[in-house]
Amino acid sequence: MTIGILGGGQLGYMLALAGYPLGLHFRFLDPSPEAPVGRIAQRVTAEYTDQAALEKFASGLELVTYEFENVPVEAANFLAERVPVYPPPAALEAAQDRLNEKHLFQKLSIATTEFAPVLKPNDLDQAVKHIGLPAVLKTCRMGYDGKGQWILRTAEDVAKAKSELPAAPLILERLVSFARELSVLAVRSRTGEIAFYPLVENHHRGGILRLSLAPAPRLEPPIQRAAEDAARRILESLKYVGVLAIEFFESGGRLLANEMAPRVHNSGHWTIEGAVTSQFENHLRAVLGLPLGSTGPAGYCAMLNLIGNVPDSAEVLAVPDTHLHLYGKSPRPGRKLGHVTLRAASPERLALRLSELPAFFHHPDFCLDAALAPSTPLRA
Ligand code: AMP
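Dropping the structure here:
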């Protein structure tokens with residue numbers, strides 16, 4: 032049985048690795064000849080808009096899923112006329128545009144950051160009047176890892192932004208003062224079965240995820256319930272199938288939804304070693320209509336992203352309870368090249384292991400202070 036995957040990056044790579052024990056085969060479509068999955072599966076190298084290539088790609092597949100949420104919706108719809116496509120293309124449509132996403136949250140009564148559309152540069156003044164400063168201006172589409180974002184604190188920032196704005200729809204959001212960033216991974220099977228992983232605490236540098244702590248330290252049951260409730264509403268309203276990630280700000284004891292990703296997610300990499308069933312395996316079980324596996328944690332985990340360069344493998348693996356994942360990509364600044372997961376039986380043991388990591392990880396970008404500190408400071 033062959034599963035088609037749109038996008039051939041590390042998420043697809045890890046999906047395939049999780050699928051081989053289930054007897055699955057994989058075929059990927061990605062425009063880049065460098066896509067790392069080429070090492071382990073069939074790869075079609077073509078643009079997502081190339082219908083002849085999509086036709087060839089779909090031939091003989093059991094179903095199609097994706098690991099990249101900016102696949103054009105037209106490509107997903109074209110494939111859906113030929114083979115089942117999960118998650119449904121409607122989920123792509125909602126998640127690709129920040130305004131659509133925020134409207135979906137509102138429609139489902141999921142608390143979110145205050146926002147206003149900025150569809151043309153002249154809308155900015157009105158939006159600032161409505162939202163106030165400080166605020167963050169984001170492109171509605173194709174923004175990720177903090178790209179396509181401007182923080183506006185003063186009238187001068189607003190004037191400067193106005194002169195530099197791209198000719199694309201934007202959204203202005205209130206800059207939230209949050210205690211921490213959390214994400215939930217939820218999964219819904221073709222059969223309607225739903226499961227949730229425990230919330231994860233995420234730390235970013237320059238808009239890129241650097242560290243995830245799982246389960247999130249000091250996790251209060253009402254916060255977990257609120258995250259699950261929000262996720263369930265989205266899963267059910269979209270008749271979603273597969274893994275869905277939602278990122279939240281925890282602010283004033285409540286959750287505000289920031290964004291969602293209709294796919295497996297970087298903040299779920301800890302589940303490979305740290306949960307009974309990984310997000311990758313559960314995504315495949317869900318799209319195939321197989322029973323879901325337990326999402327329970329198997330200890331306390333820290334996941335550190337390797338961005339731009341990688342440490343010496345032997346030095347990392349010399350630390351007990353440590354697992355190294357390298358994606359086979361050539362190094363480039365800002366590029367996610369791999370990750371390291373540490374799993375321990377207690378938070379104290381996890382802190383000890385983190386302190387034993389080689390000097391490479393003691394750079395402030397790895398946010399280790401946050402993992403070792405007894406409490407997370409409030410940030411404005
Ligand atoms: P995003 O691309 O929306 O995930 O934004 C990247 C990062 O910027 C987030 O993980 C936050 O750290 C920060 N950020 C984004 N939007 C806001 C906001 N409205 N208020 C405060 N921080 C934000």
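Under our numbering, residues 32 to 411 are what the sequence shown spells out, in order.
Note that beta-carbon positions come from the ideal geometry of N, C-alpha and C, so glycine has one too.
**Message:** Given this structure, state the Cα-to-Cα distance separating Leu244 from Pro229, to the nearest angstrom.
**Reply:** If I take the Cα positions, the gap works out to 11 Å.
**Message:** Could you pull the DSSP bridge partners for Pro395 from this structure?
**Reply:** Per DSSP, none; premise fails for Pro395.
**Prompt:** Nearest CA to the CA of Arg294: which residue from Val215, Ala261, Glu204, Val149?
**Reply:** Distance check between Arg294 and each of Val215, Ala261, Glu204, Val149 places Val215 closest, using alpha-carbon atoms only.
**Request:** Name, in chain order, the residues that DSSP records as bridge partners for Gly369.
**Result:** Here Gly369 is bridged, per DSSP, to Leu337, Leu357.
**Same chain, Cβ closer than 8 Å to Ala106, five either side skipped, listed in chain order** = So the qualifying residues of the chain are Leu37, Tyr79, Thr80, Leu85.
**Asked** Using 8 Å as the Cβ pair cut-off and three pairs as the minimum, do the segment 195-208 and the segment 292-308 touch?
**Response** Fewer than three pairs of CB atoms, one per stretch, sit closer than 8 Å, so the segment 195-208 makes no contact with the segment 292-308.
**Request:** Look up Leu321 in the DSSP assignment and say whether it is helix, strand or coil.
**Result:** Coil, per DSSP.
**Message:** Relative to the C-alpha of Gly330, which candidate in Glu312, Pro378, Arg363 has its C-alpha closest?
**Reply:** The option with the nearest alpha carbon to Gly330 is Pro378.
**Asked** Span of the alpha helix (DSSP H) holding Asp154?
**Response** Element bounds for Asp154: 154-162.
**Prompt:** Pro408 by DSSP, collapsed to three states: which one?
**Reply:** Interpretation of Pro408 is limited by its pLDDT of 42, a score under 50 that renders its predicted location unreliable; the figure taken from the coordinates is listed afterwards. Assigned with DSSP and collapsed to three states, Pro408 falls in coil, not helix or strand.
**Message:** What I want to know is whether the C-beta of Gly237 ends up closer than 7 Å to one or more non-hydrogen atoms of the ligand AMP.
**Reply:** The answer is no for Gly237.
**Asked** Considering only C-alpha positions, which residue in the set Gly179, Leu155, Ser268 is nearest to Ala147?
**Response** Checking every option, the nearest Cα to that of Ala147 belongs to Leu155.
**Asked** Can you tell me where the alpha helix (DSSP H) with Phe109 in it begins and where it stops?
**Response** First-last of the alpha helix (DSSP H) with Phe109: 104-111.
**Request:** Would you identify the three-state DSSP class for Leu85, choosing helix, strand or coil?
**Result:** Helix at Leu85.
**Message:** I need the straight-line Cα distance from Ser208 to Ile303, nearest angstrom please.
**Reply:** A direct Cα-Cα distance of roughly 32 Å separates Ser208 from Ile303.
**Request:** Check each candidate in Ala288, Leu213, Phe99, Gly369 and name the one with the smallest Cα separation from Met173.
**Result:** Relative to the Cα of Met173, the nearest Cα in the group Ala288, Leu213, Phe99, Gly369 belongs to Phe99.
**Nearest neighbour of Leu213, chosen from Phe57, Ile71, Phe280, Phe311 [CA to CA]** = Nearest C-alpha to Leu213: Phe280.
**Prompt:** Can you tell me the Cα-Cα spacing of Val318 and Arg221, whole angstroms?
**Reply:** Note on geometry: alpha-carbon atoms of Val318 and Arg221 lie some 6 Å from one another.
**Gly69 versus Pro103 - alpha carbon distance** = A direct Cα-to-Cα measurement between Gly69 and Pro103 gives close to 22 Å.
**Item:** Reference Leu240, options Asn131, Phe88, Glu278, Gln157, closest by Cα
**Value:** For Leu240, the nearest C-alpha among the options comes from Glu278.
**Prompt:** Quick one: what does DSSP say Thr326 is sitting in, helix, strand or coil?
**Reply:** Here Thr326 sits in coil by DSSP.
**Message:** Please tell me whether, using a cut-off of 7 Å, the distance from the CB of Asn297 to the nearest non-hydrogen atom of the ligand AMP is below it.
**Reply:** No, the ligand AMP has no heavy atom inside 7 Å of this Cβ.
**Item:** Leu335 versus Arg366 - alpha carbon distance
**Value:** For Leu335 and Arg366, the gap between their C-alpha atoms comes out near 14 Å.
**Message:** Going by the DSSP bridge assignment, what does Ala226 pair with across the sheet?
**Reply:** DSSP output for Ala226 lists Val218 as bridge partner(s).
**Request:** Per DSSP, which residues does Leu94 bridge with? Please list them.
**Result:** Within the DSSP secondary-structure output, Leu94 pairs in a beta bridge with Ile34.
**Request:** Determine, using beta-carbon pairs with one atom in the segment 135-150 and one in the segment 252-271, whether at least three such pairs fall under 8 Å.
**Result:** At 8 Å Cβ cutoff, the stretches touch.
**Message:** Less than 6 Å between C-beta atoms, sequence neighbours within five positions excluded: which residues of the same chain meet that for Glu387?
**Reply:** If we look at Glu387 and ignore the five residues flanking it on each side, its Cβ neighbours are Val350.
**Message:** Let me check understanding here. Comparing Cα to Cα, which of Gly359, Leu130, Arg249 lies closest to Gly284?
**Reply:** Closest by alpha carbon: Arg249.
**Asked** Any idea what DSSP makes of Ala121, helix, strand or coil?
**Response** Residue state, collapsed to three classes: helix.
**Asked** Could you give the residue range of the beta strand (DSSP E) that holds Arg285?
**Response** From DSSP, the beta strand (DSSP E) with Arg285 extends over 285-292.
**Item:** the ligand AMP heavy atom lying under 7 Å from the CB of Thr144
**Value:** True, at least one ligand heavy atom lies under 7 Å from that Cβ.
**Prompt:** If you measure from the CB of Arg264, is any heavy atom of the ligand AMP nearer than 7 Å?
**Reply:** Not under cutoff, so the answer is no.
**Message:** I'd like the span of the alpha helix (DSSP H) that includes Val189, first residue to last.
**Reply:** Counting along the chain, the alpha helix (DSSP H) containing Val189 begins and ends at 186-195.
**Asked** Going straight from the alpha carbon of Ala166 to that of Leu92, what length do you get?
**Response** Taking C-alpha positions only, Ala166 is separated from Leu92 by approximately 46 Å.
**Item:** DSSP-derived helix/strand/coil call for Leu46
**Value:** In this structure, Leu46 counts as helix in the three-state DSSP scheme.
**Cα-Cα separation, Ala257 to Ala83** = Between the alpha carbons of Ala257 and Ala83 lies a distance of about 45 Å.
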